[in-house]
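Student:
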Amino acid sequence: MKQVDSVPCPPEDVVPVLNCSTNTARVSWQASKGADFYIVQAFGVEEHESVCETKTQSCVLPELMCGFTYNISVIAANSMCNVSKSDVSHLHAVPCVPQKVEAWLDCESGAVAVSWEPCKGTSSYTTIAQGNGGYESTCNSSKTTCVFDDLLCGLNYSITVSASDDTCSSAKSSPLVINTVRCIPQNVKAEMVCSNDTGVVSWEEEEEVSSYMVRAFGPDGHKTHCNSTTASCQLPNMHCGQLYNLTVTAQDGACDNSNAYLDLQSVPCSPTNIKASLLCHSNSAAVTWEQASGALTYRAVGVTEDGSHQAECNNTMTFCDLSDLQCEQTYNVSVYALDESCSSVESNKAYVRTANCPPQNVVVDSQCDEGTIVVSWSPNPDHQYFHVAAVSNTGARLYCNSSDSACTIRDLPCGQSYNVTVLSVRDGCESKPSAVVETSSAPCVPRKIEGRLDCVSNNAWVTWDPSKGALSYSVLATGIGGHNSSCTSTSSPCEVPDLECGTIYTIHVTAVNKHCRSNHSTPFELQTGPCALSSISAVTECNSSTILVEWESMDDTPLYLVTAEGHDQTLISCNSSSNSCELLGIRCGMHYSVIVSASSDKCSSLRSPPKKIKTAPCVPDNVTVEASCEENGATVMWGHSPVATSYLLTAIGGDGHVASCNTSVNNCTLTHLHCGQSYNLSIIASGDNCTSQPSTSNFRTVPCEPSGLSVDMDCETNSAELSWDASEGAVEYFACAQSMDGDAFYCDNTAASCTIEGLKCGGVYNFSVEASNGICNSSFSPPLQAGAAPCPPTGVNVRMQKIGQSHWAMTSWDNVNCSDVEYLAKITGRIQNNPQSQMEVSSYWLPRKYFEFPMPCSTAYNLTVHSRNSAAVSGPSSTLSGVTVPCAPQNVRYTGDTDLAELSWDASVFATRYKVYNLSGQDRVELCHTTGLSCQLTNFDPDATGVTASNAVGESIPNQDITGPAGARRRRDLRDSATYARLDKDLKTPKVLKVKVSGVSLYVNWTSVKDATEYKVVIEEQKDQQANQQPRVRIVEGNFYKENNLKPWTNYCIRLAAKNTVNQSEYSAPICRTTGASS
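Residue numbers (the working numbering): 268 to 1346.
Below, the structure is given as structure tokens:
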């Protein structure tokens, strides 16, 4: 029986799908029984045809015409027939690209209108204006026109139009470039060149501007203008005192209506009608003038003719006083008008002569006998007369005038002191008084003079009433035989010593002051008794309490009385019937007068002449010690001894150090003692042949400066904990932290530690400490420098981000509250969790709070972040641990066939789940997911299948390297390993597109470099080729950068290099520009 093939059934479910990017259509359908192959036909409404043929259930129709509508049918065919045609489906091709695109600029509004020819099959149009600075604006329209009213000024825009229907959009039209209206000039500033009435106007230069015009209009009708092709312009010969209205216009030859407006005050006019007059009482000058146009304030200046002195005063009114003028000078006075910026030229001058100087070299000669004073001074021809005033201590005033250089004041009463001044008078204007000279009249004569005789010492005690004006008194006793004795005292009484026996003395008292002596007082007579007994001897041993007195015996004298009188008028006596007697109870440190008398009447004639004797010095008492902190010493003082001629002070320290001094006075200073020591003091007084017992005491020297200082900074509290070794003898410590700009912070404690609060994060401080014993402070310890480092960052976070075929760790952290902080992130880890495969990578020091690291898959990592500033580097932050995205599963294989296959793979480190995808379409389709290592699939296509591994962090890239039974295809995906290989390639050097200077700012932009993640910008100052000039280095992520605050009028050169985490390109050739004036 012969078999015959029937006609294939017509295909059903025909679905055409348009590919907008290629303008092709994929047509798919259900399989037809009896069909060996299929023919797909597309007929355009305007007779264009596209055909494809296939044995499968889909086919791609190529080369469709834009804007056409196609009728599509599928014919099922076999070796016998090809007449089984499906139902017709309709398809609209991609819209055509718009043609004849035109654009117009409206100068008034700044809008740009765009038009084009209509396109077939289009329902809407999208117009895009792309600015050269990256700015973009979009306009959608169903018509063939569109208006942009939001474009930025001063940019070149590239305009393209694309057509769209409900499915696709056409390609963009050819770009049309148009310039928008020029921007209103920015950062416009105007200032006066005060010296030449020129206004300087500056602005920020803009691209595509051909020139600028500046116009100035003054309220007095004056007009002026200037033109410039640069960023500044000068307006000369501006009228003084005018507020000019300025207009700055940017011109490009097309739209010249971009204006900026501002005001400029010209230099003030000079004041007129200057007058100056002397104010005698204050030796100042009152200056007046008339108001000047444009002035906000005025400054009057007076200069002496020789230029040696200048005085100034300021006021917003039309007057002020020049004070503190020098005497006897002629001042040239001029006035300047000032505004906020400029000073006018100098006004006409006025002249003023100041008062005479005070008389110099005033001398007062007290003529005591005549009761007058003669006052003299240096001659001065520039005067009319001089006025002398003498003011007494009682307030009485005496005067005299003279046209010469001397003057006499007469009839001065006794006992008065005077302050004498002289002033010069000229034209009714008095000079300041001369320096005060003190003088006095003669003291008044002492009165009520009385006297008595001390027979033991043969001294006379004289008393009197106080005299006015006396500072001291002199008592003179004159004997008949020519013997004289005297004494002086600041007050009554006075002891006249060593009178001779049996002599009549005439005694008078004279009052004395610094300038004069009074006349003698009324004299009186005093007679000493005779000394019938012969001279005696008196002897005492050192440190003995007795005096042995011996004399020659007299007949008929059964009993002798021995009397000793001390210099303090104390009496000691003894009786003897022989020729000697021992006085008991003698005290140390005394002057004694000793006599021997034959009766109890010590003033009788039966007495000896007085014998003088000194006892040994007493032990020094009332010892006080005053520390001498600066010299690390002490001043030691003790009570005065009337008999000591010298003293020996010895100090012995606890460490054996010895210091000593010899002195004739009752004090001594020891220097350069050892710090922190307790010294034992010994003081010995020496007389003629005797020394006292030592006086002992002790004291402690200045503490030693502390050592072993250490500082522990606390970034959280901005404080520093200081500690040090204790100092011997210290009771308190004072610590100091001084910043580099001179600010100081302190703390104190009785223990060897304290905390200084209020430090500034980022500051560098010199720390030191001193010790105190309550009296003296030690020197400060050597400074220990430490910086207040910022705290480690908190809030450390990691987010994994897939970029291309790589996974990146996007690290971030919280800001540290400190100025000028930079951060460094550091990642350490184990690749594939293998201790033998360690990784460590760090960021740069950057001021930003984030950084991106390319990370290997299946890696366990630890992240820490440090912060730093000029002070120091912080410790590490808290460690953040995590794992990366797992690697794609390896060794993927299948068993079975395409209808039913079991797919399996090796485990991926850190993976918790696996997914299998179909990758044939634009969007991948999940086929299965599992926590295991295998999956069963139907309709399996090994060429369109991939397997991924995932965890909580993310999902790996798919592995499409799948192997199967013998003869099956094998394909390998190298995208993972290619990532690092791509980064390891050499980077191209970026090309500098533009370098622009505005004032002290510099702008640069460049071409982007493939595979570069950032760029290094180096800005170097070119000044006399100084080798030590540090360049400015900036790390930038984009393709442009602006540097501010450069030096004015300085040449800078710029170089660029591209970078990524692995490589850096060569630097570009340097391009140099010169900055302008600072604002």
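All C-beta atoms in this analysis are idealised placements derived from N, C-alpha and C, irrespective of residue type, glycine included.
For N623 versus S741, is the C-beta spacing smaller than 8 Å?
Tutor: no
Student: Pull up the DSSP beta-bridge partners for D721, would you.
Tutor: As computed with DSSP, D721 is found in a beta bridge with N726.
Student: Going by DSSP in three states, E1119 sits in which element: helix, strand or coil?
Tutor: strand
Student: Just to confirm, is the Cβ distance from L679 to T795 under 8 Å?
Tutor: no
Student: Ordered along the chain, which non-local residues of its own chain (more than five positions away) have a Cβ less than 8 Å from that of T243?
Tutor: Any question about residue 243 goes unanswered here, given that the chain covers just 268 to 1346.
Student: By DSSP, does P275 sit in helix, in strand, or in coil?
Tutor: coil
Student: Determine the direct distance from the alpha carbon of R1180 to that of R1242, and round the result to whole angstroms.
Tutor: Legend: pLDDT at R1242 = 40, less than 50; position of this residue unreliable, value from coordinates given subsequently. Distance between the alpha carbons of R1242 and R1180: 21 Å.
Student: What number of angstroms, rounded off, separates the C-alpha of Y1247 from the C-alpha of V1329?
Tutor: Residue confidence for Y1247 is low, a pLDDT of 41 falling below 50, so the modelled location carries little weight and cannot support an answer.
Student: Out of A901, S908, N934 and A911, state which residue places its alpha-carbon closest to the alpha-carbon of I919.
Tutor: A901
Student: Pop quiz: F1047 and E972 are said to be a contact at Cβ under 8 Å. What is the actual Cβ separation, rounded to whole angstroms?
Tutor: Here F1047 really is in contact with E972; their C-beta atoms are around 7 Å apart, less than 8 Å.
Student: Report the rounded CA-to-CA distance for T757 versus V779, giving the unit in angstroms.
Tutor: Looking at the two C-alpha atoms, the distance is approximately 9 Å.
Student: List in chain order: all unbroken alpha helix (DSSP H) runs of 4+ residues lying wholly within the region 1057 to 1138.
Tutor: Whole alpha helix (DSSP H) segments, 4+ residues: zero.
Student: Determine the DSSP secondary structure at D636, reduced to helix, strand or coil.
Tutor: helix
Student: So, under 8 Å CB-CB, T389 and P362 are touching, yes? Tell me the CB distance rounded to an integer number of Å.
Tutor: 5 Å
Student: Would P365 pass as a contact of A298 if the rule is Cβ separation under 8 Å?
Tutor: no
Student: Put D1210 into one of helix, strand or coil per three-state DSSP.
Tutor: helix
Student: Compare the C-alpha of C461 against each of S610, P1114 and I445 and name the closest.
Tutor: Of all alpha-carbon atoms in S610, P1114 and I445, the one lying nearest the alpha-carbon of C461 is that of S610.
Student: By alpha-carbon positions, which one of G1054, S974, D1278 and C942 ends up nearest to I1070?
Tutor: The option with the nearest alpha carbon to I1070 is D1278.
Student: Compare the beta carbon distance of A552 and V619 with 8 Å and say whether it is the shorter of the two.
Tutor: yes
Student: Going by other Cβ atoms of all chains shown within 10 Å of its Cβ, with 16 needed for buried, is N581 buried or exposed?
Tutor: exposed
Student: Can you find the residues in the same chain that come closer than 8 Å, C-beta to C-beta, to T770, ignoring five residues on each side of it along the sequence?
Tutor: G746, I747, G748, H750, Q794 and T795
Student: Just verifying my parser: in three-state terms, what is the DSSP assignment at C547?
Tutor: Reduced to three states, the DSSP call for C547 is helix.
Student: Roughly how many angstroms lie between the CA atoms of S409 and Y424, to the nearest whole one?
Tutor: Whole-angstrom Cα-Cα distance: 22 Å.
Student: Reducing DSSP to helix, strand and coil, say where Q1289 ends up.
Tutor: The answer is strand: DSSP assigns Q1289 an E or B state.
Student: Pick from S351, D432 and T412: whose alpha carbon is nearest that of T336?
Tutor: D432
Student: By how many angstroms is the C-alpha of F1207 removed from the C-alpha of D1240?
Tutor: Its pLDDT being 41, under 50, D1240 is placed unreliably in this model, and the coordinates cannot settle the point.
Student: Contact check, K1309 vs S1268 under 8 Å by CB: the rounded distance?
Tutor: 6 Å
Student: Can you tell me whether G1030 is buried or exposed, with buried defined as 16 or more other CB within 10 angstroms of its CB?
Tutor: buried
Student: Taking the beta strand (DSSP E) that L589 belongs to, which residues open and close that run?
Tutor: F586 to L589
Student: Using the rule of at least 16 other Cβ atoms within 10 Å of the residue's Cβ for burial, across every protein chain shown, is S959 buried or exposed?
Tutor: buried
Student: Give the range of the beta strand (DSSP E) segment to which G311 is assigned.
Tutor: F304 to G311
Student: Under the rule that 16 or more other beta-carbon atoms within 10 Å means buried, what is C594, buried or exposed?
Tutor: exposed
Student: Going by DSSP in three states, V1303 sits in which element: helix, strand or coil?
Tutor: strand
Student: Check whether the region 805 to 816 touches the region 647 to 658, taking contact to mean three or more Cβ pairs, one atom from each stretch, closer than 8 Å.
Tutor: no
Student: Between the Cα of A1324 and those of I339, I1286, N1312 and T1198, spot the shortest distance and give me the residue it belongs to.
Tutor: I1286
Student: Please go through the same chain and pick out, in chain order, the residues whose beta-carbon is closer than 6 Å to the beta-carbon of K322, but skip the five residues on each side of it.
Tutor: F304
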